[in-house]
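Trainee: To start, I am sharing the structure in question, which I have written as structure tokens.
Number of protein chains: 2
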Amino acid sequence: MTARIFPTAQDAENAFYEALERCDLEGMMAVWAEDEDILCVHPGGPRLTGQDQVRESWAGIFSGGPRARLQVSQQVAISGMMLAVHSVFENFSIEGAQGDARPAPIVATNVYLRTAAGWRMIVHHASPAPAQPGPAPRQAPPKFLH
Amino acid sequence: MTARIFPTAQDAENAFYEALERCDLEGMMAVWAEDEDILCVHPGGPRLTGQDQVRESWAGIFSGGPRARLQVSQQVAISGMMLAVHSVFENFSIEGAQGDARPAPIVATNVYLRTAAGWRMIVHHASPAPAQPGPAPRQAPPKFLH
Numbered sequence: 000m001t002a003r004i005f006p007t008a009q010d011a012e013n014a015f016y017e018a019l020e021r022c023d024l025e026g027m028m029a030v031w032a033e034d035e036d037i038l039c040v041h042p043g044g045p046r047l048t049g050q051d052q053v054r055e056s057w058a059g060i061f062s063g064g065p066r067a068r069l070q071v072s073q074q075v076a077i078s079g080m081m082l083a084v085h086s087v088f089e090n091f092s093i094e095g096a097q098g099d100a101r102p103a104p105i106v107a108t109n110v111y112l113r114t115a116a117g118w119r120m121i122v123h124h125a126s127p128a129p130a131q132p133g134p135a136p137r138q139a140p141p142k143f144l145h
Numbered sequence: 000m001t002a003r004i005f006p007t008a009q010d011a012e013n014a015f016y017e018a019l020e021r022c023d024l025e026g027m028m029a030v031w032a033e034d035e036d037i038l039c040v041h042p043g044g045p046r047l048t049g050q051d052q053v054r055e056s057w058a059g060i061f062s063g064g065p066r067a068r069l070q071v072s073q074q075v076a077i078s079g080m081m082l083a084v085h086s087v088f089e090n091f092s093i094e095g096a097q098g099d100a101r102p103a104p105i106v107a108t109n110v111y112l113r114t115a116a117g118w119r120m121i122v123h124h125a126s127p128a129p130a131q132p133g134p135a136p137r138q139a140p141p142k143f144l145h
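First to last, the sequence lines map onto chains A and B. Per numbering that gives the first Met the number 0, the first sequence starts with residue 0, numbered consecutively. Per numbering that gives the first Met the number 0, the second sequence starts with residue 0, numbered consecutively.
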């Protein structure tokens, strides 16, 4: 399989959430760094480390196939030369479900590393957030350190 | 109040957890960046942004005074020139409580930024982890990108 190259951390994040919505395991794993420490915390789950644990966890999550739409919102991005940190809300909506049946949003901290093969994810930490995520929706522009 | 200078991200992290254990609000806020976007997610809580929300949340948490001992374990550190990301487990133990009465561990992703005033925290994302945090305890050496 040809490795995908992500020129920016945002490209990697877009691919991550596309793969998550589609339950696309290969697309998902193409986003993660291959030769680095990687860490993944699913909502309420243990801290997973390494390609094997992370792949196995997504395989389990994706085993039922795509059932929910996903909207990512309120991104805050902090970008360095080698590392980028994005904080987002993941808003899932189950098809057929009405307003109140939507699961609570998930708050996620995503860390990307600039590798020889482009930007890759190295940390995904997701946890349930209260239904009211805060005062006003926030769409801060990306912040660049360099 | 004289600002504290943290020469490394690890120094900032040490001060963060000292302040957390002691319920020291000024010590806590001295760790956070002042002129940057900051984000804080307490276990099960909303995403807080900015000095005011973050200070207010710690003031509430600290209002009862120190009651628990804190041990930080299984750190994985990823360090760049400007950003550093640490993943740790926070293990609290209530004084007087026996083994089984210990709260579940907290998994935390901490992000530090090298500012003109030394390393400061910009992101703290904490969430409850299962009581068995994984296979073997891991003490990876810090990983430096430069």
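Where is the CB? At the ideal position from N, CA and C, for every residue including glycine. This one's a predicted model, so the numbers in the text were calculated from it and none came from an experiment.
What are the boundary residues of the beta strand (DSSP E) that ILE105/A is part of?
Mentor: 105–114
Trainee: Going along chain B, which residues have a C-beta under 7 Å from ALA128/A?
Mentor: At a beta-carbon threshold of 7 Å, the residues of chain B lying near ALA128/A are PRO45 and ARG46, ordered along the chain.
Trainee: By DSSP, does GLU20/B sit in helix, in strand, or in coil?
Mentor: helix
Trainee: Quick one: give me the first and last residue of the beta strand (DSSP E) that SER86/B is part of.
Mentor: 82–93
Trainee: Could you tell me whether the segment 117–127 of chain A touches the segment 60–67 of chain B, using the rule of 3 or more Cβ pairs below 8 Å?
Mentor: no
Trainee: Determine, using beta carbons only, whether ALA128/B and ILE105/B come nearer to each other than 8 Å.
Mentor: Yes.
Trainee: Quick one: which residues of the segment 64–78 of chain A get their C-beta closer than 7 Å to a C-beta of chain B? List them in chain order.
Mentor: VAL75 and ILE77
Trainee: For ARG3/B, does the three-state DSSP call read helix, strand or coil?
Mentor: Reduced to three states, the DSSP call for ARG3/B is coil.
Trainee: Would you identify the three-state DSSP class for VAL122/A, choosing helix, strand or coil?
Mentor: strand
Trainee: Buried or exposed, going by whether 16 or more other CB atoms sit within 10 Å of the CB of GLY43/A?
Mentor: exposed
Trainee: SER56/A touches chain B at which residues, Cβ-Cβ below 9 Å?
Mentor: Going along chain B, no residue has its Cβ under 9 Å from SER56/A, so there is no contact; the nearest lies around 12 Å.
Trainee: Run through DSSP, which three-state label would SER62/A get?
Mentor: Residue state, collapsed to three classes: coil.
Trainee: Taking only beta-carbon positions, decide if HIS151/A is within less than 8 Å of chain B.
Mentor: Nothing can be reported for residue 151/A: it is not among the residues displayed for chain A, which extend from 0 to 145.
Trainee: Of the choices THR48/A, SER78/A and ASP23/A, whose alpha-carbon is the least far from that of VAL110/B?
Mentor: SER78/A
Trainee: Please classify PRO6/B as buried or exposed, where buried requires at least 16 other C-beta atoms within 10 Å of its C-beta.
Mentor: exposed
Trainee: Are the C-beta of ASP34/A and some C-beta of chain B separated by less than 8 Å?
Mentor: no
Trainee: Considering Cα atoms alone, identify which of CYS22/A, ALA14/A and VAL87/A is closest to SER56/A.
Mentor: CYS22/A
Trainee: What would DSSP say about VAL30/A, mapped onto helix, strand or coil?
Mentor: coil
Trainee: Helix, strand or coil for GLY49/B per DSSP?
Mentor: GLY49/B falls in the helix class under three-state DSSP.
Trainee: Using the beta-carbon of each residue, which ones in chain A are nearer than 7 Å to THR108/B?
Mentor: Those are THR108, VAL122 and HIS124, listed as they occur along chain A.
Trainee: Can you name, in chain order, every residue of its own chain whose Cβ lies under 6 Å from the Cβ of ALA8/A, other than the five neighbours on each side?
Mentor: ALA83, TYR111 and TRP118
Trainee: Looking at chain A, is there any beta carbon in it that lies within less than 8 Å of the beta carbon of VAL30/B?
Mentor: no
Trainee: With distances taken from CA atoms, which of HIS41/B, GLU35/B and ARG54/B is nearest MET27/B?
Mentor: Measuring from the Cα of MET27/B, the nearest candidate turns out to be ARG54/B.
Trainee: State the DSSP-derived secondary structure class of ARG101/B, mapped to helix, strand or coil.
Mentor: Looking at ARG101/B - three-state DSSP - the assignment turns out to be coil, as it is neither helix nor strand.
Trainee: What are the boundary residues of the beta strand (DSSP E) that ILE77/B is part of?
Mentor: Unbroken beta strand (DSSP E) run through ILE77/B: 67–78.
Trainee: Starting from ALA127/A, follow its DSSP beta bridges and name the residues at the other end.
Mentor: Looking at the sequence provided, one finds Pro at residue 127/A rather than Ala. PRO127/A is bridged to ILE105/A.
Trainee: Could you tell me whether any Cβ in chain A is nearer than 8 Å to the Cβ of VAL53/B?
Mentor: no
Trainee: Considering Cα atoms alone, identify which of GLU12/B, SER86/B and GLU25/B is closest to ALA2/B.
Mentor: GLU25/B
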